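Q:
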Amino acid sequence: MPDDGQQQTGHERVPSRQRRRFPGISSRAYEHPADRSALVALRKLSGFDTVFKALSGLLPERSLRLLFLSDSVRVSERQFQHLHDMLLDACHILDLEKVPPMYVTQDPQPNAMCIGLDEPIIVVTTGLVELLDEEEMRAVVGHEVGHALSGHSVYRTILLFLTSLALKVAWIPLGNLAIMAIITALREWFRKSELSADRAGLLVGQDLRASMRGLMKIAGGNHLHEMNVDAFLEQAEEYDSGGDLRDSVLKILNVMPRSHPFTTVRAAELKKWAESRDFQRLMDGHYPRRDEDKDTSVSDSFRESAASYASDVKTSKDPLMKLVTDLAGGAGDLGGRVRRGFEGFKTPPPPKDGPADTAE
């Protein structure tokens with residue numbers, strides 16, 4: 001795509017506020033390491049390749065497109081023009097040549113998604129459009145364009161289809177178990193991919209406070225005067241460091257059914273990246289290019305992801321992550337620490353002078 005000042009196809013409108021553009025940027029520039037490692041793990045899952053190949057040919061993508069065309073509002077110069085301008089702007093900033101179609105669908109629940117197998121489609125709900133201001137919405141549109149640039153829409157579509165299929169075959173025990181194993185792995189990857197897309201949204205909006213406000217509104221609604229970004233981030237700190245091993249296990253169980261990470265976690269992760277040296281280098285124009293992707297080793301990417309994950313585990317304040325670090329370091333008395341961490345799961349014994357229990 002030509003740089004600014006030259007004729008551009010479909011990207012003429014850009015906002016007056018000066019922001020940096022990233023010609024030829026590769027999605028590797030903003031992808032969260034956990035996103036890449038989860039995707040590698042997903043592809044290694046037994047049966048995934050078979051399911052993926054089968055569904056790629058069977059999914060009714062044409063039907064999906066017709067559904068949105070017939071029962072939602074397509075964003076254009078004549079409909080939701082402010083969203084149309086944001087979409088063009090996001091594609092301009094991230095140098096995505098082909099602008100994906102975008103639809104607004106009636107749903108009070110604030111949500112957005114990027115789906116599609118051959119070509120991505122972006123869908124936003126009326127609840128989200130009504131909730132966010134212009135700069136907050138710009139970050140969301142950039143988030144979805146980031147999904148499109150990363151090729152996430154394919155896996156997201158398969159996740160939606162398999163979730164629906166699992167409900168229909170729940171009465172087949174073994175069949176449902178196989179599907180649920182893949183769904184669980186897909187959800188784990190998708191939660192990580194949301195962290196990548198949040199970064200893409202920040203690259204497009206280039207306004208960290210707006211990104212924070214958007215996440216805060218998704219969590220607490222449109223009462224911005226009653227909320228505070230710093231206090232919201234303190235919640236994330238408390239969530240990460242509070243409790244014992246029981247809380248760590250409960251955190252895992254709470255997040256497993258979700259497609260998205262918790263909003264406080266997303267806000268904290270995004271702030272951490274925005275303050276990193278990697279982000280500053282990216283903003284200075286030093287980032288991997290798309291034309292270099294073919295020369296990138298998958299094993300090298302996985303090693304980088306593993307190193308980043310190990311670093312996160314080492315610096316985490318979560319009790320379970322601390323235990324993992326101690327295990328790796330060979331700390332003593334780990335058995336005792338594990339037992340103490342889970343003591344709260346046990347029912348306390350009755351008082352010695354109390355009545356004896358009776359068993360049937």
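Residues 1 to 360 (the UniProt record's numbering) are what the sequence shown spells out, left to right. From the three backbone atoms N, C-alpha and C, an ideal C-beta is built for every residue, glycine too. On a predicted model such as this, the values are computed, not experimentally measured, just so you know.
Quick check on DSSP: helix, strand or coil for Y155?
A: Reduced to three states, the DSSP call for Y155 is helix.
Q: List the DSSP bridge partners of R74.
A: Y103
Q: Considering only the alpha carbon of each residue, which of R74, T126 and F232 lies closest to G220?
A: Ranking the options by Cα distance to G220, first place goes to F232.
Q: Look up M227 in the DSSP assignment and say whether it is helix, strand or coil.
A: Coil at M227, not helix or strand.
Q: Count the other C-beta atoms from every protein chain shown that fall within 10 angstroms of the C-beta of E134, then say buried if there are 16 or more, exposed otherwise.
A: exposed
Q: Are the CB atoms of A200 and H260 nearer to each other than 8 Å?
A: no
Q: Rounded to the nearest angstrom, how far is the Cβ of V141 from that of V104, given a contact under 8 Å?
A: 12 Å between Cβ atoms; not a contact.
Q: Along the chain, where does the alpha helix (DSSP H) that runs through M283 open and close?
A: R277 to M283
Q: What is the DSSP secondary structure of R20, counted as helix, strand or coil?
A: Of the three classes helix, strand and coil, the one that applies to R20 here is coil, per DSSP.
Q: Quick one: using the 10 Å Cβ neighbour count with 16 as the cut-off for buried, is D118 buried or exposed?
A: exposed
Q: Beta-carbon separation of L203 and L149 under 8 Å?
A: no
Q: Tell me the start and end of each unbroken alpha helix (DSSP H) in the region 106-142 that is at least 4 residues and wholly inside, in chain order.
A: 126-131
Q: Give the straight-line distance between the Cα atoms of F68 and L83, rounded to the nearest whole angstrom.
A: 17 Å
Q: D85: buried (16+ other C-beta within 10 angstroms of its C-beta) or exposed?
A: When all chains shown are included, D85 counts as buried.
Q: Are there three or more Cβ pairs, one per stretch, closer than 8 Å when the region 119-138 is compared with the region 204-219?
A: yes
Q: Evaluate M256 with the Cβ neighbour count: other Cβ atoms within 10 Å of its Cβ, from every protein chain shown; 16 or more gives buried, anything less gives exposed.
A: exposed
Q: What do you get for I182, buried or exposed, if any count of 16 or more other CB atoms within 10 angstroms of its CB means buried?
A: buried
Q: Do you know how far the Cα of D207 is from the Cα of E237?
A: 22 Å
Q: State the Cα-Cα distance for the pair E31 and L270, rounded to the nearest angstrom.
A: 12 Å
Q: How would you call R156, buried or exposed, if buried means at least 16 neighbouring beta carbons within 10 angstroms?
A: Within 10 angstroms of the beta-carbon of R156 lie 16 or more other beta-carbons, which makes it buried.
Q: Let me confirm a value: H147 is counted as buried when at least 16 other C-beta atoms fall within 10 Å, else exposed. Which label applies?
A: Buried is the call here.
Q: Tell me which residues share the same chain as S26 and place their Cβ nearer than 6 Å to its Cβ, disregarding the 5 neighbours each side in the sequence.
A: P288, R289, R290 and D293
Q: Classify W285: buried if its beta carbon has 16 or more other beta carbons within 10 angstroms, exposed otherwise.
A: Reading off the sequence, residue 285 comes out as Gly, not Trp. With fewer than 16 other Cβ atoms within 10 Å, it is exposed.
Q: Let me confirm a value: I252 is counted as buried when at least 16 other C-beta atoms fall within 10 Å, else exposed. Which label applies?
A: exposed
Q: Between the C-alpha atoms of Q109 and A197, what's the straight-line distance to the nearest angstrom?
A: 20 Å
Q: Could you name the residues of the same chain whose beta carbon sits closer than 8 Å to that of L159, not counting the 5 residues immediately before and after it, in chain order?
A: I183, L186, R187, F190 and S259
Q: Rounding to the nearest angstrom, what Cα-Cα distance links S241 and K272 in this structure?
A: Straight-line Cα distance between these residues: approximately 16 Å.
Q: Smallest Cα separation from Q235: which of L250, F262, I122 and R281?
A: F262
Q: Could you please give me the residues that DSSP links to R289 through a beta bridge?
A: I25
Q: Have a look at D107, Q106 and A90 and flag the residue whose alpha-carbon is nearest the alpha-carbon of V99.
A: The option with the nearest alpha carbon to V99 is A90.
Q: Quick one: using the 10 Å Cβ neighbour count with 16 as the cut-off for buried, is E194 buried or exposed?
A: Buried.
Q: Is the CB-CB distance between A34 and K217 below 8 Å?
A: Their beta carbons are not under 8 Å apart, which means A34 does not touch K217 by this criterion.
Q: May I ask you to report which of helix, strand or coil DSSP gives D89?
A: helix
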